[in-house]
Amino acid sequence: MSHSFKETPHNAITDSGIARVIPCKELDLGDPLKWLALGWRDIMRAPLLTAFYGVIFTAIPWLITYMVALTGWHLVILPSIVCFMLIGPFLAAGLYDVSWELEKGHSPSLWHSIKAIKRNAVNEWGLGILLLVLMIFWLRVASIIHALYPPYLEENLENLLPFLALGTVVGAGFTMLVFFISVFTQPILMERRVNLATAVLTSMNAVWVNKTPMMVWALIIASAVGIGFVTGFAAFIILMPLIGYATWHGYIDTIELKRERHYE
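Below, the structure is given as structure tokens:
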């Protein structure tokens, strides 16, 4: 199967005052489902590597939950999130490398995927720190919203509803911001070795130009996360690698390429 060329939108930002922005293509509404199909094909072609990364992505939230339950010390959540936000981009890079190697007709290996984290390490660390800052900011805002709840009110749905609604709206805003910033940033950094500003602005531009298809992709990711939590994180063994592989194919399908590339 090949990634066919799509028309480059005339309103794609090709330059900015901060950094170069790589143009994107116009996506169809069903493209995210095609990425999932290609991602599933990668799972079938690299089951052992998929299991390796899937177990890691499953173990991290399980370990955080276990430590909180064991110690009763909820402050452990913050340092755990800090670690995950910093190493998350590097774990994702390993999955992207697997898809990239399959795309090139190579046999992916664990060592090759691990070495992928060194391709653009400085800017990948920068992405991790950027996501970390946003996460800490969100935690502080959430604490403020929680502090606004009057202690004298009974904790029932009627009293909690305004604060739950406010928290949901603010949380959705932060989630959308992170999605804009990061959806294709890591694959861009890994393959093109551009700076962080170029990768972030390119990702944001791609989402803005393709609002509806990218919202479908965001809902797919949110659904995968929701299923993972409902299953006690067990579903992450498959779902996280699937999303990782599909993201690579989404990047290839969305960001303008210098030459046509085929996925055999």
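Each step along the sequence shown adds one to the number in UniProt numbering, with nothing skipped, and position 257 is 257. Each residue gets a CB set at the ideal place from its N, CA and C atoms; glycine is no exception.
Does DSSP put residue i in a helix, in a strand, or in coil?
| i | result |
| --- | --- |
| Ile22 | coil |
| Ala224 | helix |
| Met176 | helix |
| Gly250 | helix |
| Met1 | Only weak support is given to the placement of Met1: the predicted model assigns it a pLDDT of 49, under 50, and the value that follows is read from those uncertain coordinates. Correct three-state label for Met1: coil. |
Whose C-alpha, out of the options, is nearest the C-alpha of residue i?
| i | options | result |
| --- | --- | --- |
| Phe57 | Phe174, Gly173, Pro241 and Ala165 | Pro241 |
| Pro23 | Phe137, Ser203 and Ala69 | Ser203 |
| Asp31 | Leu257, Tyr251 and Gly54 | Tyr251 |
| Lys34 | Glu101, Lys104, Leu166 and Ile220 | Ile220 |
| Gly171 | Val21, Val98 and Leu134 | Leu134 |
| Val55 | Trp138, Gln186 and Ile238 | Ile238 |
| Trp217 | Met190, Thr254, Val230 and Phe137 | Thr254 |
| Ser223 | Leu63, Ser182, Gly94 and Ile243 | Ile243 |
| Ala116 | Arg192, Arg20, Lys25 and Leu257 | Arg192 |
| Leu177 | Met190, Asn205 and Leu189 | Asn205 |
| Pro61 | Gly232, Leu257 and Glu256 | Gly232 |
| Gly128 | Glu103, Asn210, Phe229 and Leu189 | Leu189 |
| Gln186 | Ala93, Pro213 and Trp100 | Ala93 |
| Trp138 | Leu201, Phe174, Trp125 and Glu103 | Phe174 |
| Ile43 | Glu101, Leu201 and Leu257 | Glu101 |
| Val200 | Thr212, Ser182, Tyr66 and Met215 | Ser182 |
In terms of residues, what are the limits of the alpha helix (DSSP H) holding residue i?
| i | result |
| --- | --- |
| Thr231 | Element bounds for Thr231: n/a, residue is neither H nor E. |
| His106 | No alpha helix (DSSP H) holds His106; DSSP gives it neither H nor E. |
| Lys34 | Asp31 to Arg45 |
| Leu139 | Ala121 to Ala147 |
| Ala116 | First-last for Ala116: undefined, no H or E at that position. |
| residue 265 | This structure cannot settle anything about residue 265, because the visible part of the chain is limited to 1 through 264. |
| Ile188 | Thr185 to Arg192 |
Under a Cβ-count criterion, where at least 16 other Cβ atoms within 10 Å of its own Cβ denotes burial, should residue i be classed as buried or exposed?
| i | result |
| --- | --- |
| Asp28 | exposed |
| Pro162 | exposed |
| Ile144 | exposed |
| Met1 | Interpretation of Met1 is limited by its pLDDT of 49, a score under 50 that renders its predicted location unreliable; the figure taken from the coordinates is listed afterwards. So Met1 counts as exposed. |
| Val169 | exposed |
| His249 | buried |
| Ala246 | buried |
| Val207 | buried |
| Ser107 | exposed |
| Ala235 | buried |
| Lys25 | buried |
| Val230 | exposed |
| Pro47 | exposed |
| Thr50 | buried |
| Glu124 | buried |
| Gly39 | buried |
| Leu166 | exposed |
| Gly228 | buried |
At a threshold of 7 angstroms, does residue i count as lining the ligand PLP (C-beta to nearest heavy atom)?
| i | result |
| --- | --- |
| Pro241 | By its list of ligands, the structure shown contains no ligand whatsoever, and the ligand PLP lies outside what it can speak to. |
Q. Would you say the region 189-197 touches the region 110-123, given that touching needs at least three Cβ pairs under 8 angstroms?
A. Taking a cut-off of 8 angstroms on C-beta distances, the region 189-197 touches the region 110-123, as three or more cross pairs fall below it.
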